[in-house]
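Engineer:
Protein chains in written order, with the working numbering: chain A, 220 to 666; chain B, 220 to 666; chain C, 220 to 666; chain D, 220 to 666.
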């Protein structure tokens with residue numbers, strides 16, 4: 220992901236106009252006075268962190284690519300007393316959505332004195348009159364106690380709605396800032412809304428807060444909910460370990476989410492280091508053959524008597540592709556079920572090729588790992604994403620998402636985030652940690 | 220279950236001989252001196268609790284059926300310094316096994332000064348030399364820190380081993396007391412071992428500690444691990460509720476263990492009261508038809524927009540029986556998968572019969588609910604079962620299990636516990652609570 | 220506690236009049252038809268469970284004492300369409316209050332079609348106009364999502380209010396059934412309200428649901444919240460164990476609630492069996508002297524290098540009494556802080572009498588153990604208490620509490636429950652378990 | 220913290236000599252081949268992330284300050300077959316110590332084939348023969364199941380031991396690499412050991428892994444255990460909130476660790492956003508006066524009826540200093556107890572100055588928050604710190620700590636980390652988040 224040759228232009232944030240109103244936040248503009256500060260549009264977060272790369276770029280006259288730093292601006296675009304905001308949550312559930320909703324409401328209401336905030340229900344269906352989902356007024360009272368709740372108090376839905384109708388709704392309701400919490404599809408939709416608004420010459424800011432439990436949004440270090448998700452997935456691993464080590468030739472097989480990206484699987488395997496094999500979409504493997512997974516698993520069983528395997532749902536699709544076609548409601552390609560496939564193929568392998576009678580226990584925690592409330596880590600992250608989303612929206616920025624890079628919060632053009640999907644590179648330090656922690660072969664492929 | 224016409228004889232506990240040795244426990248034999256007391260063999264726990272039933276029995280000259288009360292006896296049979304004990308864990312895992320193991324070891328070692336305790340590994344395979352599973356010496360040091368671990372530190376296995384070989388092993392190793400932790404099959408095995416020991420005239424006590432996550436052992440109020448299991452199942456229900464209420468026409472479907480008995484399903488639905496339908500083996504239901512489950516579910520969805528369903532694995536087998544035959548390794552009949560069946564049939568029903576597009580999320584927590592460590596409630600229960608098992612064993616009792624009845628610990632003949640399986644009666648108060656809590660129809664059957 | 224010589228009369232439940240209205244619950248009156256049943260007023264739960272004691276009573280012509288069994292009656296007193304109910308929560312917080320509130324509301328609303336249910340806020344202050352706490356209408360919508368919340372959504376307060384004013388309020392608001400959730404003081408208040416209502420000839424039922432985290436209500440096997448409380452207390456014990464064993468001569472000292480009764484301390488020590496000493500109000504101990512606690516602790520430290528101690532707040536008050544006088548807001552005698560006292564006295568003992576430098580870590584989890592939400596066990600218990608409270612109230616019963624005895628739900632006169640406080644007897648099986656689990660001396664007193 | 224003017228020299232890592240042995244890890248040296256890579260000594264992590272600052276430095280000819288990147292080197296210094304390693308844990312407990320121990324052992328044993336790893340017990344006492352704490356051989360078997368355990372399996376101690384004796388021990392036992400897990404004092408000790416080793420011309424690598432629950436080590440973005448600690452602290456906050464909102468004029472007051480730095484308090488207040496006031500050492504406040512804390516609290520109570528306060532133990536020491544003097548065993552200045560002080564002073568304020576009768580509930584979770592096992596986040600972090608510590612040690616680096624900066628693992632000279640203590644600056648984004656989340660005044664001081 221660091222090999223990109225970004226042009227500076229691509230990181231610029233669009234705004235609706237000049238921010239002329241003094242922020243009600245009353246922060247400092249001076250560093251060193253021990254008072255919290257406003258952030259300037261010129262504050263940045265460098266894309267690279269390696270000194271030699273930076274010096275090399277400078278020597279070659281290439282620009283230093285950097286994100287705009289997120290945070291409260293001294294001057295804002297919207298007059299709080301006249302501002303109405305909207306929030307919508309789309310796509311699959313994810314830990315922390317309610318934390319984001321709550322902090323957007325609390326920050327708008329208490330810090331910026333924006334008193335009218337609508338929640339659109341059931342995703343983008345909420346904009347379309349035909350569905351009959353009335354928007355709900357979100358007051359502090361209404362969101363105070365939602366921190367312990369999983370899911371989204373606004374409910375969600377998949378699938379696109381007509382962009383024109385959405386903008387009609389925003390215009391009709393006089394919404395100034397729309398906060399869209401969603402994944403790849405939602406961000407794509409937010410880009411279309413942003414463009415339609417621009418075409419119509421409306422003054423509506425569209426701010427995305429990336430939500431994907433798979434952590435596969437580019438230029439965002441980590442999406443919210445991931446930490447909670449792999450914490451819960453680690454519980455399933457613990458069960459798999461208990462089952463595997465509790466029976467003769469026990470195998471614990473856990474399938475977790477991760478359609479294209481193995482972040483949950485990799486992190487979970489590190490969070491509870493009793494996993495022997497991590498199978499993810501980004502690292503190809505063969506099942507059969509002398510270097511293949513089955514043979515390696517057999518060796519492990521013969522040496523140690525049990526094994527724990529975690530597989531991301533998108534792994535090993537080459538073995539399933541032929542039988543599957545089409546897309547799901549969100550337009551993602553349908554996947555074959557690698558968990559069920561491995562469950563039966565592992566059994567077959569040992570039955571047909573060895574004298575080992577395996578005790579295979581299959582665990583698919585499925586929705587359990589995404590419908591829990593955010594843990595403490597994600598709760599903080601969600602709050603800070605929301606606060607920065609509000610700061611960006613009030614400043615009149617638009618067509619952007621809030622993200623994080625090198626531990627700093629950033630404003631990034633939504634278009635950039637959509638330009639490619641984020642994968643877990645086998646050359647990332649985290650995969651090295653997985654190899655070191657599991658001891659699995661660097662590659663399980665035959666020539 | 221209360222309709223049984225037990226004969227007094229059936230509740231008598233067999234012993235290996237007269238208990239002549241003074242217990243090292245140094246308890247009191249006097250009530251009222253504020254010092255913990257020994258329990259007498261004549262102390263009992265009545266089978267019934269209703270006054271009128273008792274009076275009626277007395278009037279009719281029928282005996283009052285009662286269990287022997289468990290607890291430490293003033294005189295014990297075995298000389299602690301010469302006693303060797305064995306522990307084995309069989310069948311499926313269950314929360315609390317390690318707690319039972321630990322407390323047996325700690326009570327034998329520290330209270331009775333029995334210093335030689337062997338753990339047999341991988342269930343009854345551990346008795347059979349051919350498997351090569353060496354018994355492990357269980358010292359306090361070895362078990363001190365196992366309370367937080369799920370599963371069994373001794374590992375387990377299913378399937379019967381030759382009773383003669385087992386008794387050979389006990390005899391050869393000079394085991395005085397064998398503690399068998401296991402379910403229906405294991406108790407059956409313990410009965411056979413007990414009989415073989417008797418036939419050979421050996422002085423070996425066999426004490427069973429019933430272990431079944433399904434809670435289906437008769438004459439035992441509740442088996443250990445059940446509380447933990449339904450606590451964890453309730454977490455899956457929470458996820459199902461979040462998912463169901465988070466999408467248009469959302470349905471959360473959770474399958475939990477319970478082959479013949481719906482205790483986990485029923486308790487879990489009460490533990491997190493957001494369930495609308497509880498389907499268990501003991502309460503028949505139709506899927507189709509005007510009073511059937513599908514039509515009732517449809518009404519719920521039209522009225523409330525979402526629904527949460529919990530189904531025990533043994534429920535609705537009449538819809539699956541035809542395709543399934545044979546038995547599993549423990550000799551239990553194989554079941555069809557009602558969860559997967561409902562998953563697809565509910566979708567079909569709504570697709571073919573209604574205009575509703577349901578968002579069905581299926582959660583099968585499977586082994587997660589049984590491989591966790593015991594919660595605080597089960598930890599106490601396991602400890603007390605183990606303490607009482609040790610007291611019974613040291614007193615030379617045999618062919619029995621420790622259980623609980625009306626909140627008291629009991630000694631019961633293993634034969635009695637095997638005489639029938641325990642079911643959740645639709646006339647038990649707990650099912651009334653389920654009906655009141657869910658609001659589901661008392662019956663979902665067509666004439 | 221079992222030595223009471225209760226008169227049958229004392230267990231009779233008062234009613235407001237004949238129950239003539241057919242219950243809307245549509246249950247069965249026939250046992251054996253596999254349909255949940257109504258409970259009859261003549262159904263009972265025997266006080267004793269020992270066969271010999273029962274037979275002895277009969278031989279001596281003494282009546283068999285038994286509680287009335289709780290549950291839904293076929294005929295009810297109140298016409299649901301005209302019934303208004305009230306709920307109030309008083310005294311200290313306790314896990315499960317919100318579960319009770321929720322189930323009362325849900326059962327009244329959905330099962331009995333009682334649509335008007337008021338919550339009185341801030342305890343009995345809520346009845347007194349001067350405080351300005353408006354009653355809140357409790358609809359299902361309002362209570363659906365409160366299961367995960369600790370405390371009481373109605374808030375609570377201590378201290379008595381004028382009984383006449385309370386009854387004025389009930390009369391004025393036309394309340395038919397008042398559910399009072401509270402401890403000793405609250406039940407005393409409920410008795411006074413009940414008597415005042417009777418004096419005035421009003422038709423208002425008063426049903427108590429005993430709430431005391433100390434579990435010190437007589438004739439109630441276990442109060443709700445206790446299980447959750449000792450589960451959480453066990454977490455503090457785990458920390459104490461980690462700290463004690465993590466330092467040279469480490470001592471972990473945990474203080475838990477239990478003013479007069481050591482149930483939390485005893486159960487917590489069993490729930491996490493790493494405790495070496497349990498000090499409770501019911502079992503006297505000396506600190507000094509050859510058999511005293513300090514000397515015993517010293518032996519433990521010399522032998523094992525660390526020790527874990529749990530002390531109930533009411534233990535060892537003889538060492539603190541002299542400096543304390545007066546009562547708290549609820550009229551309970553003020554206690555000296557045994558935790559802080561032991562903290563300093565243990566250090567002094569080792570400093571002044573030994574060469575051991577102890578690392579003493581003191582943990583007082585205080586309100587943490589009572590402000591958490593109910594765990595699964597208590598959630599079920601609370602629900603069933605609430606359901607049975609509603610059944611009793613709708614049947615026109617009054618001046619009573621719902622309780623549990625021998626695992627069955629009971630209706631008991633509030634007066635009886637107030638007749639004495641419940642203590643943990645050193646002759647109860649649970650204390651024997653504590654002695655066996657900790658290995659502490661049966662007595663730590665000098666002659 | 221970013222205002223430092225570091226000299227490049229200060230970030231250089233010392234080594235024992237040239238690394239000539241080929242690492243057994245078999246990683247790649249080529250980027251882009253999808254195989255995990257070795258890290259080069261010239262790989263860096265820049266100290267700053269702001270583009271303008273970087274460009275300004277370059278313009279002024281100042282060097283770009285950067286940390287050496289941690290990770291496996293292609294050539295290592297020690298011959299694995301002859302290498303013995305030692306591990307010691309010092310100072311107070313902290314979540315994750317066992318994770319670090321386990322990963323050091325696993326990585327040395329399985330990845331580098333270093334088979335002899337000693338654990339020194341009870342901190343630096345373990346090096347001194349007089350204490351009689353025998354070193355323990357740490358094999359994978361011994362550490363496999365310690366992930367769920369809080370504390371340190373090696374136990375710990377405070378207070379310095381003689382550096383000469385420590386080095387004598389290392390020399391005598393032929394230790395090649397010493398891993399020291401500890402805080403400020405321990406790192407200071409590791410520096411002294413490193414210098415003594417150098418003076419003696421020994422070839423022993425000393426690698427520190429910073430451990431401080433207060434997160435107050437400079438040049439380390441975050442110390443392990445912090446995430447777990449504030450997660451648990453957030454539970455105490457939840458209790459405080461429940462208690463505060465459950466009583467008339469309720470106040471929940473929580474004291475948490477943080478002697479000099481308010482990271483736990485600040486993060487916990489964000490993790491459960493129901494806190495109204497966060498008091499930390501770095502942000503001075505007055506109690507009395509028109510802008511003071513008491514007056515502000517009074518306003519909150521009058522407006523909202525309740526308040527939740529979290530205070531770090533080192534906050535407000537100006538009110539306590541006069542009565543306290545001296546240092547604790549680790550040489551830290553003794554602190555007065557701000558929690559107990561506020562507990563009584565808040566009550567006094569309201570009693571003496573207002574008509575409000577406050578219900579103040581004080582919670583001091585104390586050791587609970589540090590003795591729990593690491594959560595998933597810290598588990599991963601600890602593992603990666605340990606892996607990188609092993610890589611550094613095997614490469615012959617010494618006098619250093621492993622840390623993290625901008626999300627990357629770094630090697631940093633221990634001297635640098637000791638040069639100053641890390642504080643939470645009121646100008647850090649996290650404090651801004653706290654202000655926004657709590658709504659507390661930016662300053663609570665009078666002129």
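Each residue gets a CB set at the ideal place from its N, CA and C atoms; glycine is no exception.
#1: Name the DSSP beta bridge partners of residue 627 of chain B, please?
#2: When DSSP builds the beta bridges, which residues end up paired with residue 592 of chain A?
#3: Flag residue 514 of chain A as yes if its beta-carbon sits less than 8 Å from any beta-carbon of chain D, otherwise no.
#4: Using beta carbons (cut-off 8 Å, strictly below), is residue 520 of chain B in contact with chain A?
#5: Exposed or buried, which one is residue 571 of chain A when buried takes at least 16 other CB atoms within 10 Å?
#6: Please state the DSSP three-state secondary structure of residue 328 of chain A.
#7: Given a cut-off of 8 Å on the beta-carbon distance, is the pair residue 364 of chain D and residue 641 of chain D in contact?
#8: I want to see whether chain B comes within less than 8 Å of residue 261 of chain C, judged by CB atoms only; does it?
#9: State yes or no: is the beta carbon of residue 625 of chain C nearer than 8 Å to at least one beta carbon in chain A?
#10: Ignore the nearest five residues each way along the sequence and tell me which others in residue 517 of chain C's own chain have a CB closer than 7 Å to its CB.
#11: Identify every residue that forms a DSSP beta bridge with residue 288 of chain A.
#12: From which residue to which residue does the alpha helix (DSSP H) around residue 374 of chain D run?
#13: Have a look at residue 528 of chain D and residue 592 of chain C and give me their C-alpha separation to the nearest angstrom.
#14: Helix, strand or coil: how does DSSP classify residue 233 of chain A here?
#15: For a contact defined as C-beta to C-beta under 7 Å, what are the partners of residue 583 of chain C on chain D?
#16: Hey, could you find the ends of the beta strand (DSSP E) residue 474 of chain A is sitting in?
#17: For residue 498 of chain D and residue 488 of chain C, what's the separation of their Cα atoms in angstroms?
#18: Report the three-state DSSP secondary structure of residue 605 of chain C (helix, strand or coil).
#19: Take residue 404 of chain C as the anchor and find which of C:384, C:276, C:379, C:416 has the nearest alpha-carbon.
#20: So, is residue 262 of chain D buried or exposed, given that buried needs 16 or more other C-beta atoms within 10 angstroms?
#21: What do you reckon, are the CB atoms on residue 646 of chain A and residue 255 of chain D nearer than 8 Å?
#22: Please list, in chain order, the residues of the region 336-367 of chain C that have any C-beta partner in chain A closer than 8 Å.
#23: Please classify residue 619 of chain C: does DSSP put it in a helix, a strand, or coil?
#24: Output needed in chain order: residues of the region 431-452 of chain C with a Cβ under 8 Å from some Cβ in chain B.
Structural biologist: In brief:
#1: For the purposes of this step, residue 627 of chain B is taken as residue 408 along the second chain, with counting starting at 1. Answer by DSSP bridge pairing, in chain order: B:624.
#2: Here the question's residue 592 of chain A lines up with position 373 in the first chain. Per DSSP, none; premise fails for residue 592 of chain A.
#3: Walking along the first chain from the start, residue 514 of chain A turns up at place 295. Residue 514 of chain A has a beta carbon lying at 8 Å or more from every beta carbon in chain D.
#4: Position 301 of the second chain, counted from the start, is the residue given in the question as residue 520 of chain B. Output row for residue 520 of chain B: interface = no.
#5: Looking up residue 571 of chain A in the first chain gives position 352. Classification for residue 571 of chain A: exposed.
#6: Against the first chain, residue 328 of chain A aligns to sequence position 109. In the structure shown, residue 328 of chain A sits in a helix (DSSP, three-state: H, G or I).
#7: Here residue 364 of chain D corresponds to residue number 145 of the fourth chain, with the count starting at 1. Here residue 641 of chain D corresponds to residue number 422 of the fourth chain, with the count starting at 1. The answer is no: Cβ separation not under 8 Å.
#8: Residue numbering aside, residue 261 of chain C sits at position 42 when the third chain is read from its first letter. It does: the Cβ of residue 261 of chain C has a partner Cβ on chain B nearer than 8 Å.
#9: On the third chain, position 406 is the one that residue 625 of chain C refers to. Not one chain A Cβ lies under 8 Å of residue 625 of chain C.
#10: Along the third chain, read from residue 1 onward, the residue named residue 517 of chain C stands at position 298. Closer than 7 Å at the Cβ level, and outside the excluded window around residue 517 of chain C, lie 573.
#11: Here residue 288 of chain A refers to the residue found at position 69 of the first chain. DSSP, once it has assigned bridges, lists A:629 as partnering residue 288 of chain A.
#12: For this step, residue 374 of chain D is matched to residue 155 along the fourth chain. Run containing residue 374 of chain D: none; DSSP gives neither H nor E here.
#13: The residue labelled residue 528 of chain D in the question sits at position 309 within the fourth chain. The residue labelled residue 592 of chain C in the question sits at position 373 within the third chain. It is roughly 21 Å from the alpha-carbon of residue 528 of chain D to the alpha-carbon of residue 592 of chain C.
#14: Against the first chain, residue 233 of chain A aligns to sequence position 14. Strand.
#15: On the third chain, position 364 is the one that residue 583 of chain C refers to. In chain order: 583.
#16: Position 255 of the first chain, counting from 1, holds the residue named residue 474 of chain A. Residue 474 of chain A -> beta strand (DSSP E) spans 469-475.
#17: As a working note, residue 498 of chain D is residue 279 in the fourth chain. As a working note, residue 488 of chain C is residue 269 in the third chain. Roughly 35 Å separates the two Cα atoms.
#18: Translated into the one-based positions of the third chain, residue 605 of chain C becomes position 386. When secondary structure is reduced to three states using DSSP, residue 605 of chain C falls in the helix class.
#19: Residue 404 of chain C sits at position 185 when you count from the first residue of the third chain. The option with the nearest alpha carbon to residue 404 of chain C is C:379.
#20: Residue mapping note: residue 262 of chain D aligns to position 43 of the fourth chain, counting from 1. Here residue 262 of chain D is buried: its Cβ has 16 or more other Cβ atoms, across all protein chains shown, within 10 Å.
#21: In the first chain, counting from the first residue as 1, residue 646 of chain A sits at position 427. In the fourth chain, counting from the first residue as 1, residue 255 of chain D sits at position 36. Taking 8 Å as the cut-off, the Cβ atoms of residue 646 of chain A and residue 255 of chain D count as close.
#22: Those residues of the region 336-367 of chain C that come within reach of chain A (Cβ to Cβ, closer than 8 Å) are 364, 367.
#23: Counting from one through the third chain, the residue named residue 619 of chain C turns up at place 400. Residue 619 of chain C falls in the strand class under three-state DSSP.
#24: 440, 446, 449, 450
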